[in-house]
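Numbering (the numbering used here), first residue to last: 7 to 371. Quick reminder that beta carbons are idealized off the backbone N, C-alpha and C, glycines included. These numbers were taken from a predicted model, which means no experiment stands behind them.
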Amino acid sequence: MTEVYDVAVIGGGMAGASLAAELASHARVLLAEAEPMPGYHTTGRSAAFWEECYGGPDVAPLTLASGPYLREHGLLAPRGALYIARADDRAALEAFQAMFAGSGVRLDRLGRAAMEGYVPGLRSDWDQALFEPTCADIDVAGLHQHYLAGARKGGADLRTSARLARAEREGQAWRLDFGKAGEARAALLVDAAGAWADEVAALAGVGPLGITPLRRTIAQLRTDPRPAADLPLVLDINGGFYFKPESGRLWLSPHDETPSAPCDAAPEELDVALAIDRFGQVVDWRVLTVERKWAGLRSFAPDRLPVYGFDPRRDGFFWFAGQGGFGIQTAPAAARLAAQILLCLPRDAMTAPLDAALYAPERLL
Numbered sequence: 007m008t009e010v011y012d013v014a015v016i017g018g019g020m021a022g023a024s025l026a027a028e029l030a031s032h033a034r035v036l037l038a039e040a041e042p043m044p045g046y047h048t049t050g051r052s053a054a055f056w057e058e059c060y061g062g063p064d065v066a067p068l069t070l071a072s073g074p075y076l077r078e079h080g081l082l083a084p085r086g087a088l089y090i091a092r093a094d095d096r097a098a099l100e101a102f103q104a105m106f107a108g109s110g111v112r113l114d115r116l117g118r119a120a121m122e123g124y125v126p127g128l129r130s131d132w133d134q135a136l137f138e139p140t141c142a143d144i145d146v147a148g149l150h151q152h153y154l155a156g157a158r159k160g161g162a163d164l165r166t167s168a169r170l171a172r173a174e175r176e177g178q179a180w181r182l183d184f185g186k187a188g189e190a191r192a193a194l195l196v197d198a199a200g201a202w203a204d205e206v207a208a209l210a211g212v213g214p215l216g217i218t219p220l221r222r223t224i225a226q227l228r229t230d231p232r233p234a235a236d237l238p239l240v241l242d243i244n245g246g247f248y249f250k251p252e253s254g255r256l257w258l259s260p261h262d263e264t265p266s267a268p269c270d271a272a273p274e275e276l277d278v279a280l281a282i283d284r285f286g287q288v289v290d291w292r293v294l295t296v297e298r299k300w301a302g303l304r305s306f307a308p309d310r311l312p313v314y315g316f317d318p319r320r321d322g323f324f325w326f327a328g329q330g331g332f333g334i335q336t337a338p339a340a341a342r343l344a345a346q347i348l349l350c351l352p353r354d355a356m357t358a359p360l361d362a363a364l365y366a367p368e369r370l371l
């Protein structure tokens, strides 16, 4: 017998799990995940920080709106972020600070002496910075499990190893074929498939929005000295690297964005070597060994803003995609807003300040 749902959410990562949790108390929900375990791809490979500037000023409202929820549930731990610059980067630093003026994001200008207090062994050519005191570490696994548990508690059904093979609109509902995982029917179909978002849309007969997966590499290093537990997240103002401490080790990324087909992403040795070379230009630390390395896919729309809303070209098809590297830190507000749009629910205190039109799919058509 084919199960019937109000909403079928395709993708069990942070996006799909958070939205399913928001929907489950209002509708009968199916959460379908292609892999044997939800969160295998991007969600399970995050660098795990909540940083108010990340994604730019049009994403900042989603991050700021999500902060109270994350703190209330004990999912944030203080970290701080330091955007560092050389003398030649003064214009870039000033432009970055100006971009967030009036946004509610706090950025403090620091000179060389203050920077040395945060980053021991900092090379002499790094002489100015912006400090973001509210940056925090996120318990990504805890947040994902929180939403999966919320979805289950609300009555949502989770199907794993359920890769969507076909989606056909029949009257007022979708008939969904998950191969060996069976079939389902749903009035509404939500595309929360991350790197596979455009592929899922194609299965439903919906034209692509240009959601592009980009590979991001992270390496875990053992260094001398060991990074202090209170070392802030350190980022290049020009986007060339970032690093942060993690359990006595250093997590380092070259801030790469390499276009990729949707896949089980793997790190390239060249990207790891590039990250280590850039790190050596920042501090005088020794890299003792690369203990592990990994890569994940961050998926962006052409304008690098997320996409939340019904596709005007196809009845009952809803986009919840293009959330780049900020999808985890914005999950509470994004999922709440998307659920309200999807089910015509009233706005609440979390979503009232958000401009849904910024994220509507119509802007890309």
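Thinking residue i and residue j are a contact (beta carbons under 8 Å), I'd like their distance in whole angstroms, please.
| i | j | result |
| --- | --- | --- |
| A171 | D183 | 5 Å |
| G213 | R319 | 6 Å |
| A23 | L37 | 7 Å |
| A208 | V13 | At roughly 20 Å, the Cβ-Cβ gap does not stay under 8 Å, so A208 and V13 are not in contact. |
| D277 | T223 | 4 Å |
| F326 | V196 | 6 Å |
| L99 | D114 | Actually they do not touch by this definition, with Cβ atoms about 12 Å apart. |
| K250 | F55 | 7 Å |
| P219 | L303 | 4 Å |
| A267 | A301 | Not quite, the Cβ-Cβ distance comes to about 13 Å (not below 8 Å), so this is no contact. |
| L215 | L70 | No, L215 and L70 are not in contact; Cβ-Cβ is about 26 Å, not under 8 Å. |
| V288 | W132 | 7 Å |
| T166 | E9 | Contact flag wrong, Cβ pair sits at about 15 Å. |
Could you tell me the boundaries of the beta strand (DSSP E) in which residue i lies?
| i | result |
| --- | --- |
| F106 | Note, F106: premise wrong, no beta strand (DSSP E); not H, not E. |
| P338 | Careful: P338 lies outside any beta strand (DSSP E), inside the alpha helix (DSSP H) at 337–349. |
| Y314 | 313–316 |
| S305 | 292–306 |
| E174 | 172–176 |
| E263 | First-last for E263: undefined, no H or E at that position. |
| L194 | 189–197 |
What would DSSP say about residue i, mapped onto helix, strand or coil?
| i | result |
| --- | --- |
| Y5 | Outside the shown range of the chain, which is 7 to 371, sits residue 5, and nothing can be said about it. |
| T69 | helix |
| R319 | coil |
| P74 | helix |
| Q226 | strand |
| D270 | coil |
| R232 | coil |
| D94 | helix |
| R369 | helix |
| A362 | helix |
| L82 | strand |
| L3 | Given that the chain is displayed from residue 7 to residue 371, the structure contains no residue 3 and the question cannot be resolved. |
| L237 | coil |
| A120 | helix |
| A142 | strand |
| M356 | coil |
| A101 | helix |
| M43 | coil |
Determine which residues share a DSSP beta bridge with residue i and list them.
| i | result |
| --- | --- |
| E252 | R255 |
| F137 | L88, D114 |
| Q329 | F306 |
| L25 | In DSSP, L25 forms no bridge with anything. |
| L37 | V15, L164 |
| L128 | V289 |
| T218 | F306 |
| F324 | V196, F316 |
| D242 | I90 |
| F55 | D143 |
Considering just the uninterrupted stretch of the alpha helix (DSSP H) at residue i, what are its terminal residues?
| i | result |
| --- | --- |
| D204 | 203–209 |
| D283 | 275–286 |
| V146 | 146–159 |
Is residue i a contact residue of the ligand NAP, with contact defined as CB to any heavy atom under 7 Å?
| i | result |
| --- | --- |
| G123 | Questions concerning the ligand NAP fall outside what the structure shown contains, since it holds no ligand whatsoever. |
Subject >> Three-pair Cβ contact test at 8 Å for the region 310–320 versus the region 339–354 >> reply: yes
Original post:
Per the contact definition of three or more C-beta pairs closer than 8 Å, is the region 289–303 in contact with the region 146–159?
Top reply: no
**OP:** Spell out a yes or no on whether the region 82–91 and the region 342–360 are touching, meaning 3 or more CB-CB pairs, one atom from each, closer than 8 Å.
**Re:** no
Original post:
Taking three-plus beta-carbon pairs below 8 Å as touching, is the region 87–94 in contact with the region 109–127?
Top reply: yes
Original post:
Are the region 65–77 and the region 105–113 in contact at 8 Å, needing three or more beta carbon pairs?
Top reply: yes
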